[in-house]
Amino acid sequence: MNEVEHSAADTAQSPEPFSLAVDAMGGDGGPEMVVAGLAIAADRHPGARVLLVGDEKRLRALLARHPKAAAICTIRHASAAVSMDMKPTAALRLKDSSLRVVMNAVAGGEATGVVSAGNSGAMLALAKIVIKTLPGISRPAMAAISPSMKGDVVMLDLGANVGCDWRNLVEFAVMGEAFAKAVLGLPAPTIGLLNVGAEELKGDEKLRQAADVLRDSPLAGQFHGFVEGHDITAGTTDIVVTDGFTGNVALKTGEGTMKMASGLFRQVFTSSLAGRLAYLLVRPALERMKDWLDPRRYNGAVFVGLNGVVVKSHGGTDAEGFASAVDVAMDMVTHHFNEGIRARLGNMSSLTTSRSLADAERQPVA
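Pasting the structure below:
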């Protein structure tokens with residue numbers, strides 16, 4: 001009996017759900033990158049049980065070359081794959097895609113979380129239809145970790161919701177707090193609402209309403225107030241909450257700035273003999289900075305607010321980056337991320353309900 005078959009036999013005897021269901025067919029690197037990433041993740045999470053979904057023939061051959069990955073994986077065949085350019089509506093009609101199968105595994109309680117490097121739009125659409133949102137959450141959000149001067153910072157929403165109201169922003173704050181606790185290990189992470197200024201009168205009505213609710217909520221002690229764009233990299237708060245339009249612009253601007261800085265450093269240190277000599281002197285410090293800002297460390301955006309853990313790896317990542325996305329998913333599974341959201345929402349439901357009723361009373365009668 002080979003290692004893959006042995007893993008499958010063990011699974012049949014165990015009532016415990018898989019830790020993760022992994023889409024092997026997503027991303028630019030395909031199954032080769034995914035399996036290599038799982039081999040790295042197996043060293044970090046030896047107790048994990050992974051349902052690996054995709055082309056069975058290809059996966060068996062790959063797992064034979066990666067025994068560490070084979071030790072934690074059980075294969076499930078899927079006859080189709082969602083391409084990176086497929087429209088979400090088309091992906092919803094593809095009933096036996098690897099992405100659909102992993103979503104079904106979580107929805108049916110067979111697995112606790114999903115990891116895929118595939119099509120973001122299709123992934124969100126399938127997650128909302130198949131896994132569905134948590135009770136009390138009106139919209140899921142995309143959250144991710146970014147570097148700052150004081151450590152890591154959680155940002156959300158990063159593009160799942162272009163337009164938001166005050167209730168959405170409050171929910172994002174609740175979900176961001178649970179995420180920072182589970183993944184960053186922060187006992188009481190601080191929260192900021194991204195605004196055009198730090199003063200209380202700045203911003204539009206939805207931001208001021210969200211701030212009022214958070215100041216009166218169980219999160220009041222952790223709520224810093226409004227923060228500005230420079231506060232993200234300064235690390236003023238552990239969590240930055242905003243709508244998906246603003247969050248996506250901030251994310252892409254930050255990524256572009258890091259690429260520009262990297263290019264400028266390269267230009268300075270290669271354009272002359274003096275530059276090359278200077279590089280030799282500062283190389284150890286630059287290597288440390290490169291490791292600190294390595295995008296693979298921050299790979300793994302999370303769709304929070306769903307009835308299961310759903311982690312989106314960057315499509316162009318390598319094995320190390322995919323292993324980082326698995327790390328994020330395993331942290332969320334291990335620390336019971338969704339249970340934290342449910343508990344916090346229960347404590348805040350009366351505040352959000354009373355605010356909603358007050359808003360309704362202020363609406364003119366037709």
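Counting along the sequence shown from 1, when you hit position 180 you're at 180 in full-length UniProt numbering, and nothing is skipped either side. A virtual CB, placed ideally from N, CA and C, is assigned to each residue, including glycine. Quantities reported herein were computed from a predicted structural model and do not represent experimental measurements.
May I have the straight-line CA-CA distance separating residue i from residue j, to the nearest angstrom?
i           : j      : result
Thr253      : Glu16  : 43 angstroms
His6        : Leu52  : Unreliable placement is indicated for His6, whose pLDDT of 42 sits below 50; the coordinate value is still reported in the next sentence. About 14 angstroms.
Leu99       : Val282 : 45 angstroms
Ala91       : Val82  : 6 angstroms
Gly225      : Ile191 : 7 angstroms
Ser262      : Trp166 : 38 angstroms
Asp10       : His77  : With a pLDDT of 43 at Asp10, under the threshold of 50, the modelled position of this residue cannot be trusted, and the question is left open.
Val50       : Asn338 : 20 angstroms
Ala274      : Leu345 : 59 angstroms
Leu186      : Arg93  : 41 angstroms
Pro284      : Met33  : 29 angstroms
Phe265      : Gly229 : 24 angstroms
Ile72       : Ala48  : 6 angstroms
residue 378 : Ala220 : No statement about residue 378 is possible, as the shown extent of the chain runs from 1 to 366 and does not include it.
Asp96       : Val102 : 10 angstroms
Val213      : Met330 : 32 angstroms
Pro147      : Lys259 : 14 angstroms
Asp318      : Thr237 : 30 angstroms
Ser272      : Glu255 : 28 angstroms
Ala41       : Thr74  : 15 angstroms
Leu357      : Lys87  : At Leu357 the pLDDT is 44, less than 50, meaning the model places this residue with poor confidence and gives no usable figure here.
Gln267      : Asp231 : 29 angstroms
Cys164      : Gln209 : 12 angstroms
Could you check if residue i is buried or exposed, using at least 16 other CB atoms within 10 Å of its CB as the buried criterion?
i      : result
Val162 : exposed
Thr270 : exposed
Glu171 : buried
Thr257 : exposed
Asn168 : buried
Lys128 : buried
Asn119 : buried
Thr89  : exposed
Ala366 : Because Ala366 carries a pLDDT of 46, less than 50, the predicted location of this residue cannot be relied on, and the following value inherits that uncertainty. Counting Cβ neighbours within 10 Å, Ala366 comes out exposed, since fewer than 16 surround it.
Pro46  : exposed
Using a Cβ-Cβ cut-off of 6 angstroms (strictly less than) and excluding sequence neighbours within five positions of residue i, which residues of its own chain qualify?
i           : result
Ala107      : Val130, Ile131
Val35       : Leu62, His66, Ala69
Val333      : Ser19, Thr112, Gly113, Val309
Asn195      : Lys202, Gly203, Leu207, Phe226
residue 371 : What the structure shows of the chain is the stretch from 1 to 366, and residue 371 is not part of that stretch, so it cannot be assessed.
Asn307      : Ile131, Lys132, Leu134
Ala80       : Leu94, Asp96, Ser97
His335      : Ala182
Asn248      : Leu158, Gly159
So, for residue i: in the same chain, excluding its five sequence neighbours on each side, which residues have a beta-carbon less than 7 angstroms away from its beta-carbon?
i      : result
Val328 : Val183, Gly300, Val302, Val311
Arg215 : Phe223
Ala39  : His66, Lys68, Ala69
Asp28  : Gly315, Gly316
Asp43  : Lys68
Gly151 : Gly235
Gly121 : Pro88
Near residue i, which residues of its chain fall below 8 angstroms by C-beta distance, leaving aside the five closest residues on each side in sequence?
i      : result
Ala144 : Val154, Met155, Leu156, Leu158, Leu251, Tyr298, Gly300, Ala301, Val302
Pro31  : Ala24, Met25, Gly54, Asp55, Arg58, Leu59, Leu62
Gly305 : Thr133, Leu134, Ile137, Arg139, Pro140, Ala141, Glu171, Met175, Ile341
Met149 : Thr233, Ala234, Gly235
Ala360 : Residue placement at Ala360 is poorly supported in this model, since its pLDDT is 43, which falls under 50; the coordinates still yield a value, given next. Result list for Ala360: empty, nothing under 8 angstroms.
Glu199 : Phe226
Gly197 : Gly203, Phe226, Glu228
Leu286 : Phe265, Tyr279
Arg276 : Phe269, Thr270
Pull up the CB-CB distance for residue i and residue j, whole angstroms please, since I reckon it's below 8 angstroms.
i      : j      : result
Lys84  : Gly315 : Here the sequence assigns Met to residue 84, which means Lys is not the residue at that position. Rounded, the Cβ-Cβ distance is 6 angstroms, consistent with contact.
Ala325 : Val115 : 6 angstroms
Glu177 : Ile239 : 6 angstroms
Leu193 : Ala211 : 6 angstroms
Ala21  : Ala105 : 4 angstroms
Gly37  : Ala278 : No, Gly37 and Ala278 are not in contact; Cβ-Cβ is about 36 angstroms, not under 8 angstroms.
Pro218 : Met348 : 6 angstroms
Ser313 : Ala117 : 4 angstroms
Handout entry: Touch test, the segment 244–251 against the segment 197–211, Cβ-Cβ under 8 angstroms, three pairs minimum
Key = When Cβ pairs closer than 8 angstroms are counted between the two stretches, the segment 244–251 is seen not to touch the segment 197–211, the count staying below three.
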